[in-house]
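See below for the structure under consideration.
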């Protein structure tokens, strides 16, 4: 097996271009599960967890190899909140934002935050350079993204005007190491409230009808909050599976959205 | 590759002696089944059915046997002896006999030079299935007469009537033992047609009986050796890798090891029986039970395993630790295409406890009584007849004691915590303090001690006194519960010898110690050690006087003392379930405090307090360890642990989705012990391994009911059950 | 491929395909069976090791990515039968039953107390939230770690 | 002491079977591997496995403990060529033939042949079963060299079976002659007996 430990982006991009079959490896928390279950035998791997450019993290740009352990201590409030719910301390020490984005699980904990921030995924290839893909064009289905075969996810980028008031919540039936039944990020910026949800559709989604209704209201009464919950419950597209039911997920989506709007309002 | 042997540590009964295998376990040097290794060994792997019910249309192993590095690929045609195994009924094919009857049923086994080749060979086998309609509904199986066992219990007058009637139907889902150590075995051919099998087991002698029959060998050709066990909880009372790995070793003439991965482990051991229980309680105006009528069906899955005995436990403990003169129970355990069920901690007493304690709470509510008061009024005590079998309770049973002591324990301050990680939803930050409702619930649980219904239940021990000290030879299995520690303490207390070694014996060197299950080893093997030590002490005193030194006593060589220890005899009940099926009883009480977010249906179990009937506390620290660990499993069953099936296929055979409580979920526990000596066993000690798992679950559900007012007739309680969507 | 790393204070080399987990290599190639194989999905913590200062699940670390890494396993926490204080505390409080999770708890504890000698209870609980124990219900473990934190103060 | 080598004849192209009979599944592995294991379990000093047709697939799957492999590129030629190829691969004084399609030749039968060699070192020997004669044959080094000069098919049979010089010793085995597996029907029957 061919293993390239890329310490810089150029090395990673060269390897990606030259070994189109090679897998990208960051924290390994998704890829290695597949390997351990014998579902997958990589023929080549490009390790990026120690790639300088990808480990950079500054306002508005989170390098793809930044771990959840680092993000737990960040200033983006909802991001720090959600980082703390990912897996376990062991998983957070290894798992990265870029890995979460690349796997694109419907329940990926970082994804609703990106949606709420109206963020983009920055990708790069040796031949075509860097491009920014808006979140709703990047996530195209269950574990499906628009990343091209020669590209590397380099960062998650959020706009300069991304809201600072932001709150996260996640329902799971265990208090650690649990995959989200429903997750939700609500943010309040100059343009009003934004409501994003995870695990209730093939991709992270925004509850746009609820946002429009809420942002059209002059004041947020209990009645308005109830309407937010109702609209969010109607707008999500959850399934019934071994983790929960469609009806519970609808219900919990509305409750979480309502509670997070209240939390944002109080902030 | 040696089985765990024991360092010597000090301590007599009543002391919290540290466990002698602790240092090896803490330093990573303790050898578990999955750590076994012999240079040159082959690696085994298993092909399994992807369907719960399907006909094997084609099985072509050619691509596997012709693969480089593959040493053998065996199917049912290669089973040398009896084609089927099973503890009670021999109904399970060693390998698929043409029809797969549950998901994950073994079809073929491979031995290869390395693990990767073994897995690749399994994948290369050409197999074609014709899926058949699986039977997954236990009521339908019962209606079709597919019963492993049906029991009828009739006691008293069926026409008796109470003034208060509570009727409800309850359901318990499938709980998995989920021991952390995977199933594992290493078979080493002896060059004379036999082999040594080192295997994860709770009872090597019952394994041995089944293995030699299926291998077609004489009993002395196979020796089963205990190995280090990474938890058991019932999962290792039945055959897993045993026969497969032995067949591969005999066929290849090489040592072969099989270690299951987590998914295989979920597929490869029996589960707790799911149950549906229809209950009718009738009581008088004072809350005294007048009549209990129960109809229940348990799902035994595809093969019998220990379903017969599990059903008996469920049926005899239908009413719990309460008096009632008029009882009618109809109980069945049925054959389906769901995962085979068998032993799990509590063994049938868990399912009914959830139902009868829910019924008691409802009676209390209907009568305006405190939950503990209605239990006190009905408490089953020594000298009372069991509500079901009519067996008069012999020895100690402090039912009133566990109620009164529990009631006296202080409740925590009624303050919802500030730290969000201590609220329902935890660090998920779902729940503001203002959305939390607190509830308190109670439950009692009753369990039999050791095996029942006339089973010839014994444990053999051989003590060997040498100039170096004492050796305890036994085939009893330490699964982590602390049996070794207790036995050393017992021997030390009687003989006054500090240097005592535990020598795990294989099946060829000593008779059975019975199963490490049914809360029995403290009393059975502990009892055997006790009896042997007393005999040895008396023998020494007679020959050498009271003060002879060890060197003097053993001057002519080691002195041995063998015993086969039995508990008081039990009987098979009559056709109406009447008689004396049990050797003794143990009772416990639990009080749970929960914080609930009713709107999201999320629960945090704040604490569970317990009072345990222990007979005599031989090692208080070990007892508390059993109580806290058992309560964590009961808590798991109350709110998260469930195997989810679709057409008999387990959808969550992994630790990602089979959720076991973490340290953030497990409740704080306060324990109190009641010491009223049992009428048999060492120093009056009782086995307490199962009690904490039995009544903790209904106590927690009662607390959630108290907080939410929801009926919650099924465990585990899911968020949607609390929300009502 | 050949991978060199620093393991429990020694320079070690492993000849591997490359995609194997660190756990597999520790157990099968290097005969260090202390790290346990309970789930191989990062959901139990039994295989915890300290990798370049981080407590991680060795089942999720690809060996090809370990070139030059510094790794401490349970075998490197104490010195054989001479227990580290975290091990002694677990033993004394009865925090070992079947022991299969124990190496993971030992490694996580060594990591925690090296970085934070006096953790409060909430910190302790969160630090061990990736380590599943099926036997003890965690009470004895919590008492062991709380006692250690107290001893430090 | 003189040495005896077993030569497992596995070069054939299995025309009547329609697929390589060396690779037929038998007793959890291949037919050839069963024969090799039997040979290895006997008192033979050396075991040589001579492959020819389908050598690649056969050598991938072959399981040898102490046996060595030899290749007969001329596998369309009679069996005697394979025996000669096998004999060149080891240093021995006598050679025992073991066709890979006759798994019923047991370790005991092989050892009986070896015992005969040790007793009186015959020029050659043949096994007499209740119902006929057959493999294993034994050839001394002298006999082997002589047989190698004989041309045409069925050399071993013509050379040993039809020998009228009295040089061929008979080893009697009181059991039925083990069948050779040439056709799918033979294979079915073999599996049926198992």
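Protein chains in written order, with this note's numbering: chain A, 79 to 345; chain B, 878 to 1602; chain C, 3 to 155; chain D, 1236 to 1429. Here a beta-carbon is modelled for each residue, glycine too, at the ideal position from N, C-alpha and C.
Where residue i falls, given that 16 or more other Cβ within 10 Å makes a residue buried
i	result
residue 1360(B)	buried
residue 882(B)	Unreliable positioning characterises residue 882(B) in this predicted model, as indicated by a pLDDT of 46, which lies under 50. The coordinate reading is nonetheless provided below. Exposed, since its Cβ has fewer than 16 Cβ neighbours within 10 Å.
residue 1410(D)	exposed
residue 1236(D)	exposed
residue 296(A)	exposed
residue 1209(B)	buried
residue 1106(B)	buried
residue 1141(B)	buried
residue 935(B)	exposed
residue 15(C)	exposed
Beta carbon proximity, residue i to chain F, threshold 7 Å
i	result
residue 159(A)	As a matter of chain content, chain F is missing from the structure shown, whose protein chains are A, B, C and D.
Beta carbon proximity, residue i to chain B, threshold 7 Å
i	result
residue 220(A)	no
residue 171(A)	no
residue 1258(D)	yes
residue 252(A)	yes
Closer than 7 Å to chain C by CB, residue i
i	result
residue 166(A)	yes
residue 180(A)	no
residue 133(A)	no
7 Å Cβ cutoff, residue i in contact with chain A
i	result
residue 48(C)	no
residue 135(C)	no
residue 120(C)	no
residue 1600(B)	yes
residue 59(C)	yes
residue 43(C)	yes
Contact set for residue i: own chain, Cβ-Cβ below 6 Å, skip 5 residues either direction
i	result
residue 1282(D)	1241, 1274, 1275 and 1302
residue 1203(B)	1033, 1034, 1037 and 1168
residue 1318(B)	1469, 1576, 1579, 1580 and 1583
residue 264(A)	245, 273, 338, 339 and 342
residue 1100(B)	1073, 1383, 1384 and 1385
Whether residue i touches residue j by CB criterion (7 Å)
i	j	result
residue 166(A)	residue 131(C)	yes
residue 1400(D)	residue 1251(D)	no
residue 1394(B)	residue 1114(B)	yes
residue 1197(B)	residue 1323(B)	yes
residue 9(C)	residue 73(C)	yes
residue 1405(B)	residue 1368(B)	no
residue 90(A)	residue 129(A)	yes
residue 1344(B)	residue 1427(B)	yes
residue 1200(B)	residue 1257(B)	yes
residue 957(B)	residue 1065(B)	no
residue 1460(B)	residue 1489(B)	no
residue 1390(D)	residue 1335(D)	no
Own chain partners of residue i with C-beta closer than 7 Å, once the 5 adjacent residues on each side are dropped
i	result
residue 110(C)	47, 50, 57, 129, 130 and 133
residue 153(C)	none
residue 113(C)	52 and 57
Cβ-heavy atom distance, residue i to the ligand MG, below 6 Å
i	result
residue 1496(B)	Absence of the ligand MG is noted for the structure shown, with no ligands found whatsoever.
Unbroken stretches of the beta strand (DSSP E), 3 residues or longer, contained in the segment 1121 to 1175 of chain B: Taking only runs of at least 3 residues, the beta strand (DSSP E) segments lying wholly in the segment 1121 to 1175 of chain B are 1133 to 1136 and 1152 to 1160.
Sequence ranges, beta strand (DSSP E) only - wholly within the segment 1286 to 1342 of chain B, length at least 3: Entirely contained in the segment 1286 to 1342 of chain B, the beta strand (DSSP E) runs reaching 3 residues are, in chain order, 1314 to 1325.
Every unbroken beta strand (DSSP E) within the segment 1031 to 1114 of chain B, with a cutoff of 3 residues, ordered by chain: 1041 to 1049, 1061 to 1066, 1072 to 1076 and 1099 to 1103
Segments of 4+ residues assigned as alpha helix (DSSP H) that fall wholly inside the segment 1290 to 1372 of chain D: 1290 to 1296, 1314 to 1324 and 1342 to 1355
Whole alpha helix (DSSP H) elements within the segment 1426 to 1454 of chain B, 4-residue minimum: 1427 to 1430
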